[in-house]
Every structure is written in structure tokens, then in C-alpha cells.
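Visitor: Below you'll find the structure I mean.
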Amino acid sequence: MTFSDDMSRLLVVLHGANLNLLGERPAAHYGTLRLAELEEGITGVARAHGWKCVCHQTNHEGEFIDLVQRYRHAGALLVNPGAWTHYSYAIRDALEVVSGPIAAVHLSDITKREAWRAQAVIADVVQIRVSGRGPAGYEDAVKALLELAGGGMNEMHKTG
Ligand code: DQA
């Protein structure tokens with residue numbers, strides 16, 4: 047692996063189906079922020095901790111899996127697979143192969159909506175789960191992820 051391939055301090059954020067329409071989806075569940083604004087906030091937190099950040103969104107399950115595989119050795123992975131969270135065993139199996147810590151984040155509280163949303167088939171392969179805290183939940187998940195990956199602010203202070 048060359049220096050430029052080094053993904054050890056790379057946070058990868060993957061958004062799944064329909065999250066491109068944040069800002070138009072029901073505000074009662076998802077708020078009014080657009081995806082670009084949400085990703086700006088996440089990237090800012092990562093950068094403040096000395097991490098790089100790349101964000102992708104796709105409406106195609108196979109493409110989501112391809113992205114998980116491409117970034118399986120990144121320092122940390124944050125996913126919101128949208129509705130796939132509740133039934134995609136293929137995404138669950140892709141996440142199982144990821145080497146770094148994974149956070150699954152949901153804007154809405156998936157435990158307090160329709161019964162089918164309460165089930166998360168990816169739950170056993172992620173280390174951090176945040177649900178129902180809107181954009182703030184993403185930023186907290188990033189901080190927790192980077193701590194877990196050994197590259198959070200505390201770690202930087204220890205080594206720097
Ligand atoms: C979501 C919750 C899912 O149930 C839903 O299908 C989404 C978004 C959330 O962020 O709250 O698309 O993952």
C-alpha cells in the first residue's frame with residue numbers, strides 16, 4: 047500500500063436510499079437540513095480531529111455494498127443505510143468484513159416509529175448506534191468513532 051492509499055485516518059460516510067432528498071423528506075422525522083449541509087458538519091468535525099473525510103450517497107444497494115468493500119480498510123466508517131438498515135442482509139454481510147469501527151446513525155428514532163423500523167439487521171456488526179438525535183447525533187457519532195479508532199482528539203493530544 048502506498049502512502050497515498052493510506053486510509054488509516056480516513057472517515058468514510060455512506061448514505062443510502064432517499065437520503066439525497068433530505069430537506070424534502072418529512073421534516074417531523076428528518077428535519078430540514080439538506081444532505082450537503084449535514085455532510086459539511088460531519089466533515090468539519092473529522093477535520094478538527096485531524097482526519098480526512100469522504101462522503102457518498104447512493105440509491106442503489108449494490109453500489110452501497112461496493113462502497114463498503116472499497117473502503118473496508120478505512121480508519122472509520124459511518125453509515126446511514128436508510129431503509130436497507132431494516133432488511134438488507136447483504137449490507138450486513140458487507141459491513142461484517144470492515145476492519146475499523148463502524149457507526150450506524152439515523153436522524154429519526156427508529157425505535158419509536160413503525161414496528162418494521164425497530165429491527166436493524168446491521169446492529170450486530172456495528173460498534174456505535176445513534177438514532178433520533180438529528181444532525182447532532184452524527185457529530186457525536188463521529189467523535190465516538192474517532193476515539194474508538196484511536197485517533198480522536200484525546201489521542202492527538204497524547205501523541206502531539
Ligand atoms: C433513517 C430511518 C429509516 O427507517 C428510513 O428508511 C430512512 C432514514 C433515518 O435516518 O432516520 O431513510 O435511516
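Numbering (my numbering), first residue to last: 47 to 206.
Glycine included, each C-beta is placed from N, C-alpha and C at the ideal position.
(1) Three or more C-beta pairs closer than 8 Å, one from the segment 88 to 95 and one from the segment 105 to 114: is that the case here?
(2) In or out: E83 buried (at least 16 other Cβ within 10 Å) or exposed?
(3) Quick check: what's the CA-CA separation for G146 versus A166?
(4) Tell me I174's beta-bridge partners as DSSP assigns them.
(5) Would you say L191 and A122 are within 7 Å of each other, going by their C-beta atoms?
(6) Would L153 and Y76 qualify as a contact pair, given that the criterion is a beta-carbon distance under 7 Å?
(7) Would you mind working out which of L67, V188, I148 sits nearest V171, comparing C-alpha positions?
(8) Measure the CB-CB distance between Y117 and V58 and report whether it falls below 7 Å.
(9) Measure the CB-CB distance between T157 and A164 and report whether it falls below 7 Å.
(10) Alpha helix (DSSP H) containing V188: first to last residue?
(11) On a CA-only basis, which of Q173, S134, G180, K189 is nearest G62? Give me that one, please.
(12) Can you name the start and end residues of the beta strand (DSSP E) that V91 belongs to?
Guide: On the basis of the coordinates in this document:
(1) Taking a contact to require three or more Cβ pairs closer than 8 Å, the segment 88 to 95 and the segment 105 to 114 do not qualify as touching.
(2) By the neighbour-count rule (16 or more Cβ atoms within 10 Å), E83 is not buried but exposed.
(3) If you draw a straight line from the Cα of G146 to the Cα of A166, it comes to about 20 Å.
(4) For I174, which the question treats as bridged, DSSP gives the partners A149.
(5) For L191 and A122, yes; Cβs fall inside 7 Å.
(6) The beta carbons of L153 and Y76 sit closer together than 7 Å.
(7) Of the candidates L67, V188, I148, I148 places its Cα closest to the Cα of V171.
(8) With contacts defined as CB atoms closer than 7 Å, Y117 and V58 qualify as a contacting pair.
(9) It is a contact, given that the beta carbons lie within the stated cut-off.
(10) Per DSSP, V188 is one residue of the alpha helix (DSSP H) stretching across 180 to 194.
(11) Of the candidates Q173, S134, G180, K189, the one whose C-alpha sits nearest the C-alpha of G62 is S134.
(12) V91 -> not in any beta strand (DSSP E); alpha helix (DSSP H) instead, spanning 81 to 94.
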